[in-house]
Amino acid sequence: MAWFVIALAIHFNPWFILTKHALSDLGTSRALMPQIYNYGLMITAMFVILFSGYLAIKATNKVETFAAAYLSIAGMFLALIGIFPGGTKPHTFVSTWFFIQAQLSVLMKAIGVIRKSRKYAILLFALFLLAILGGLLEWPSVAIEEIYEIILLDVYVIMEAIIYS
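Each residue of the sequence shown is one higher than the one before, counting from 694 in this note's numbering.
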């Protein structure tokens with residue numbers, strides 16, 4: 694869903710350059726039809742929150758449940774990115790905390806599954822470390838860094854979907 698929203702918003706904003714902008718620029722007053730990006734994030738957030746509920750149901754211990762709660766909170770912050778688009782005072786806070794909460798979910802999940810599946814826990818911990826590394830690197834633009842972090846979250850979701858299928 695997120696990729697569709699991003700692609701559609703980019704389509705309507707030919708001025709947007711991945712190597713110069715932040716994805717949130719697609720939701721500012723400068724953007725043509727910023728509601729595509731902003732409402733799209735809010736809808737995507739609902740799916741994140743629903744998925745976190747599924748993970749909570751499937752959780753086998755409190756730490757896994759805690760990981761699902763972190764993902765749910767990340768979903769709320771994702772919705773807040775759409776509510777407080779780029780250029781508004783709370784935007785930087787809510788967008789930063791979306792990524793932090795989502796990655797804390799990955800870390801908590803790694804801790805929660807370590808007794809059940811050491812290999813899976815190591816993979817999740819590696820994803821978390823890659824996210825930390827991504828935050829420390831210098832990127833050509835905020836958009837490229839955001840895309841990197843989103844890809845890591847996609848890998849997490851795919852891994853969880855495979856584990857529970």
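Each residue gets a CB set at the ideal place from its N, CA and C atoms; glycine is no exception. Note that the structure is a prediction, hence the values are computed from the model and not measured.
Exercise. Under 7 Å, do G827 and E842 count as touching if we go by C-beta distance?
Worked result: Taking a C-beta distance under 7 Å as the contact criterion, G827 and E842 qualify as a contact pair.
Exercise. Leaving out five residues before and five after N754 in sequence, what residues of the same chain have Cβ atoms less than 7 Å from its Cβ?
Worked result: G805
Exercise. With 7 Å set as the bound, which would you pick, yes or no: does the beta-carbon of S788 sit closer than that to a beta-carbon of chain C?
Worked result: Here there is only one protein chain, and chain C is not present.
For this session: Indicate the three-state DSSP secondary structure (helix, strand or coil) for R723 in the structure shown.
Result: coil
Exercise. How is S765 classed by DSSP in three states: helix, strand or coil?
Worked result: helix
For this session: Kindly confirm or deny that the segment 793-811 and the segment 760-767 touch, where touching means at least three C-beta pairs closer than 8 Å.
Result: yes
Exercise. For N754, which three-state DSSP category applies?
Worked result: coil
Exercise. Hey, would you say T712 sits closer than 7 Å to P833, going by beta carbons?
Worked result: yes
For this session: Look at the alpha carbon of H714 and the alpha carbon of I703, and state the distance between them as a whole number of angstroms.
Result: 11 Å
Problem set entry | Length of the line joining the Cα atoms of I807 and I729 | One C-alpha to the other measures close to 40 Å.
Exercise. Quick one, which of T785, F777 and V741 has its alpha-carbon nearest A795's?
Worked result: V741
For this session: Put E865 into one of helix, strand or coil per three-state DSSP.
Result: Residue 865 is absent from the model: the chain starts at 694 and stops at 858.
For this session: With distances taken Cα to Cα, identify the nearest neighbour of L797 among L725, S810, I855 and L846.
Result: L846
Exercise. Is it right to say E853 is buried, meaning 16 or more other beta carbons lie within 10 angstroms of its own, or is it exposed?
Worked result: buried
Problem set entry | Three-way DSSP call (helix, strand, coil) for A715 in this model | coil
Problem set entry | Secondary structure of R808, DSSP reduced to three states | coil
Problem set entry | Secondary structure of M852, DSSP reduced to three states | Residue state, collapsed to three classes: helix.
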